[in-house]
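Colleague: All residue numbers for the sequence shown refer to my numbering, where the first residue is 576 and numbers rise by one. A single structure is presented below for examination.
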Amino acid sequence: MGWRWWSGQQQPADSGTEIVFSDVSTRGGVLTSSLRSEPRTFNRWVNRDFATDLISQLTQSKLVRVNRATQDVEPALAETWTVSPDNRTFTLTLREAAWSDGTPFTSADVLFSFQAIYDPKANSVLASSLLVGGRPLAVTAPDTRTVVITYPGAFGPGIAMLDNLTLAPKHKLEAALAAGTFPQAWGVATPLTELVSLGPVVLTRYEPGQRVIFDRNPRYWKKDAAGGALPYLDQLVLEVVPDQNAELVRLQSGQIDMLQQQVRPEDIATLRPLVDQGKLQLLELGVSTDPDLFFFNLRPAKWASDPRGSWMSRKEFRQAISHGVDREAFANTVFLGAGVPIWGPVTPGNQKWFSPNLTRYGFSLDKAKALLAGLGLANRDADEWLEDEQGTEARFTLLTYRGNSSLERGSAVLREYLRPLGIAVDVVAIEQGALIERMLKGDFDAIAFFFSSSNLDPAMSADFWLSSGSGHIWNIGQATPATAWEKQIDDLMHQMMASVDHAERKRLFDQVQNIFAENLPALYFVAPRMYISASARVGSISPTILRPQVLWAADTITVRTPASTGQGGR
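Here it is as structure tokens:
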């Protein structure tokens, strides 16, 4: 998984646009990035929205970390570990570290973190990603710097599972867990002095709707190769800019140093002159591993009293929609050709796990109409829409994220593709937080959105694949599988997760992808090619195809101060 750097050449000095930076990346400075949505809470243990997750990545650390660029497991707060012969017990030695308020970090924090995540009253979204065979890990602490973690069964990725663990400060959150108020702890109204950090920065200011500001954590445990303190930055600012057009203007004008997420294909030509002038960097990362997706609400309760349930919850309805979309044209219209057609959640960008042999629903209005007719849908009146035998119109509401151009444009394109089939789609764009709220409540017909993973190994995203998972977005957190095919996927995923043989794991996961492709709980049309951009003054970045593409390694980012500035300089 490589990336390509497009480095612009500076214009002649008389162009009036030259910026000359010092040759040395100095310690200090302020980095400003955009953020497309606000955090709904600062409590990552109970919430998975992107802004909350990003803030957690910036302010917290893991026992071990999966390097987002290389996918290698690296020591973090566990400086060393040993593994039992059966690969199930890990004995970790913790490094000496402290929370940002000076309280020592010890094994008691690790024990408390697991206790909170597994407590049913906490309803943690992390719990399903820290189970093996549906069972929790056993965690003990012989002393303050030793933690012994035993898996209840074999787990293919091994200790990498601990990258899913966000550590919780016992001294700050123990009382909330005991009182049953853990889900409400660390809300956005919590005094920031109550929040403590193990990460490179500390959250010091939050202006709702405007920005989130972080200062360097002077007690951060990590050092650079020369033994110098990290992070290099003095301050990190996330400017809340929900609209992508406004985000682009801020990048062009130098109000922000980089976009938090990928550059839209339509903006590449706009940014090239700034690259040529030496003001911006533009990097191509390859095919996205987190494509936009479209999914229906498949909760049985949703359709129990809705007359549309007899056909809208059927796989044939979703298959008809898949046949009704010309993916090549979709790529050209929505992503200006900068994308590849896909038929499932695992894209060619994830070379290790991608399967090219899935069922593909070629563009065919005839096949789509035949599937719809088989569901009893026909045009029974003078308008253009299909109806069922009771006269209920083939119509649904599609919610999407306002301000995200690919989702808004893709939803509009999907609406037009389904019109010739006689399916009416009412597209409603709402704020991201409101969309997530309705998704979690099950208050929707269908949603166009995106799902971010932090690891390319599907066993590390079990909360998406397993019916009991908190990321099983079409029917979240099932007590038992609602359908036979979901049970099949559960069984195969448990086998795949338990195997340590990659070839066998790949064989099992290919079966999972095939079952997914037949039942289509979520539909995927195109995986875009990914580009990111940053000011030329930003250095020492390690871009990755996974979100967040740059700030996952915020502790090593540097910024340079202009040594001399012509017109148009910062």
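In this text, a Cβ means the ideal position worked out from N, Cα and C, and glycines have one as well. Fair warning: this is a prediction, and the values are worked out from it, not measured in the lab.
Expressed to the nearest angstrom, what Euclidean distance is found between the alpha-carbon atoms of valine 599 and proline 1118?
Modeller: Indexing the sequence shown from 1 puts residue 599 at position 24. Indexing the sequence shown from 1 puts residue 1118 at position 543. At valine 599, the pLDDT of 48 sits below 50, so the modelled position is not reliable; the number obtained from the coordinates is stated separately. Approximately 21 Å between the Cα atoms of the pair.
Colleague: If you draw a straight line from the C-alpha of asparagine 925 to the C-alpha of serine 1036, how long is it?
Modeller: Reading the sequence shown from its first residue, position 350 is the one you call residue 925. Reading the sequence shown from its first residue, position 461 is the one you call residue 1036. If I take the Cα positions, the gap works out to 13 Å.
Colleague: Per DSSP, arginine 970 forms a beta bridge with which residues?
Modeller: For the purposes of this step, residue 970 is taken as the residue at position 395 of the sequence shown. Its beta-bridge partners are Ala999.
Colleague: Using DSSP's beta-bridge definition, name the partner residues of phenylalanine 1024.
Modeller: Position 449 of the sequence shown, counted from the start, is the residue given in the question as residue 1024. Its beta-bridge partners are Leu868.
Colleague: Need the endpoints of the alpha helix (DSSP H) that aspartate 1038 sits in, please.
Modeller: Along the sequence shown, one-based indexing puts residue 1038 at 463. Taken as a continuous stretch (DSSP letters only), the alpha helix (DSSP H) holding aspartate 1038 covers 1037-1040.
Colleague: Please list the segments of the beta strand (DSSP E) lying wholly inside the segment 880-961, counting only runs of 3 or more residues, in order along the chain.
Modeller: Runs found: 914-916.
Colleague: Whole angstroms is fine: what's the gap from leucine 1121's alpha carbon to isoleucine 1011's?
Modeller: In the sequence shown, residue 1121 corresponds to position 546, counting from 1. In the sequence shown, residue 1011 corresponds to position 436, counting from 1. So the alpha carbons of these two residues sit roughly 21 Å apart.
Colleague: Between which two residues does the alpha helix (DSSP H) harbouring aspartate 799 extend?
Modeller: Locating residue 799 in the sequence shown gives position 224, where the first residue counts as 1. Careful: aspartate 799 lies outside any alpha helix (DSSP H) and carries neither H nor E.
Colleague: Strictly by DSSP, which residues pair up with methionine 833?
Modeller: By one-based count along the sequence shown, residue 833 stands at place 258. DSSP output for methionine 833 lists Ser608, Ala1109 as bridge partner(s).
Colleague: Taking one C-beta from the segment 839-856 and one from the segment 929-937 each time, how about it: are there three or more such pairs within less than 8 Å?
Modeller: Not touching, per the Cβ criterion.
Colleague: Under the rule that 16 or more other beta-carbon atoms within 10 Å means buried, what is aspartate 661, buried or exposed?
Modeller: Locating residue 661 in the sequence shown gives position 86, where the first residue counts as 1. It counts as exposed.
Colleague: Is it true that the CB of leucine 740 sits closer than 8 Å to the CB of leucine 638?
Modeller: Taking the first residue of the sequence shown as 1, we reach residue 638 at position 63. Taking the first residue of the sequence shown as 1, we reach residue 740 at position 165. In this structure, leucine 740 lies closer than 8 Å to leucine 638 by Cβ.
Colleague: Is the Cβ-Cβ distance between valine 1134 and methionine 833 less than 8 Å?
Modeller: Sequence index remark: in the sequence shown, residue 1134 carries index 559 (1-based). Sequence index remark: in the sequence shown, residue 833 carries index 258 (1-based). Cβ distance not < 8 Å, so valine 1134 and methionine 833 don't count as in contact.
Colleague: Tell me where the beta strand (DSSP E) around proline 717 begins and ends.
Modeller: Residue numbering aside, residue 717 sits at position 142 when the sequence shown is read from its first letter. Taken as a continuous stretch (DSSP letters only), the beta strand (DSSP E) holding proline 717 covers 713-718.
Colleague: Between proline 1168 and glutamate 968, what straight-line distance do the alpha-carbon atoms span, to the nearest angstrom?
Modeller: Residue coverage of the chain in this structure runs from 576 to 1145, which leaves residue 1168 outside it and unanswerable.
Colleague: Express the C-alpha separation of glycine 604 and leucine 1083 in angstroms, rounding to a whole number.
Modeller: Counted from its first residue, the sequence shown places residue 1083 at position 508. Counted from its first residue, the sequence shown places residue 604 at position 29. Cα-Cα distance, rounded: 49 Å.
Colleague: Name the two residues that bound the continuous alpha helix (DSSP H) containing glutamine 632.
Modeller: Working through the sequence shown from its first residue, we reach residue 632 at position 57. Element bounds for glutamine 632: 625-634.
Colleague: In three-state DSSP terms, what is glutamate 769?
Modeller: Counting from one through the sequence shown, the residue named residue 769 turns up at place 194. It is helical.
Colleague: Can you give me the C-alpha to C-alpha distance between leucine 712 and alanine 801, rounded to a whole angstrom?
Modeller: Working through the sequence shown from its first residue, we reach residue 712 at position 137. Working through the sequence shown from its first residue, we reach residue 801 at position 226. Taking the straight line from one Cα to the other gives about 37 Å.
Colleague: Checking 8 Å against the spacing of the C-beta atoms, do glycine 731 and methionine 1071 come in under that value?
Modeller: As a first step, residue 731 is located in the sequence shown; it is residue number 156 there, counting from the start. As a first step, residue 1071 is located in the sequence shown; it is residue number 496 there, counting from the start. A contact, by the Cβ cut-off of 8 Å.
Colleague: Any contact between the segment 764-777 and the segment 672-686? By contact I mean 3 or more CB pairs, one from each, below 8 Å.
Modeller: The segment 764-777 is in contact with the segment 672-686.
Colleague: In angstroms, rounded to a whole number, what distance separates the CA positions of leucine 811 and threonine 607?
Modeller: The sequence position of residue 811 within the sequence shown is 236, counting from 1. The sequence position of residue 607 within the sequence shown is 32, counting from 1. Each residue's Cα considered, the two are about 6 Å apart.
Colleague: Considering glutamine 810, what are the terminal residues of the beta strand (DSSP E) in which it resides?
Modeller: By 1-based counting over the sequence shown, the position of residue 810 is 235. Looking at the DSSP string, the run of the beta strand (DSSP E) that includes glutamine 810 is 810-815.
Colleague: Counting pairs of beta carbons, one from the segment 951-960 and one from the segment 1097-1106, are three or more of them closer than 8 Å?
Modeller: Output reads no: the segment 1097-1106 does not touch the segment 951-960.
Colleague: Under 8 Å between the Cβ atoms of serine 897 and tyrosine 936?
Modeller: What you label residue 897 is simply residue 322 of the sequence shown in a count that begins at 1. What you label residue 936 is simply residue 361 of the sequence shown in a count that begins at 1. In contact: serine 897 and tyrosine 936 (Cβ atoms closer than 8 Å).
Colleague: In chain order, what residues of the same chain lie with their CB nearer than 7 Å to the CB of lysine 944, ignoring the 5 residues before and after it?
Modeller: Within the sequence shown, residue 944 is the residue found at index 369, counting from 1. Answer for lysine 944: Leu996, listed in chain order.
Colleague: Name the DSSP bridge partner or partners of alanine 653?
Modeller: For the purposes of this step, residue 653 is taken as residue 78 along the sequence shown, with counting starting at 1. Its beta-bridge partners are Leu669.
Colleague: Rounded to a whole number of angstroms, what is the C-alpha to C-alpha distance between alanine 904 and serine 885?
Modeller: Taking the first residue of the sequence shown as 1, we reach residue 904 at position 329. Taking the first residue of the sequence shown as 1, we reach residue 885 at position 310. Distance between the alpha carbons of alanine 904 and serine 885 is about 31 Å.
Colleague: Indicate whether aspartate 867 and serine 981 have their beta-carbon atoms separated by less than 8 Å.
Modeller: Numbered from 1 along the sequence shown, position 292 holds the residue referred to as residue 867. Numbered from 1 along the sequence shown, position 406 holds the residue referred to as residue 981. Yes; because the gap between Cβ atoms is below 8 Å, this pair is in contact.
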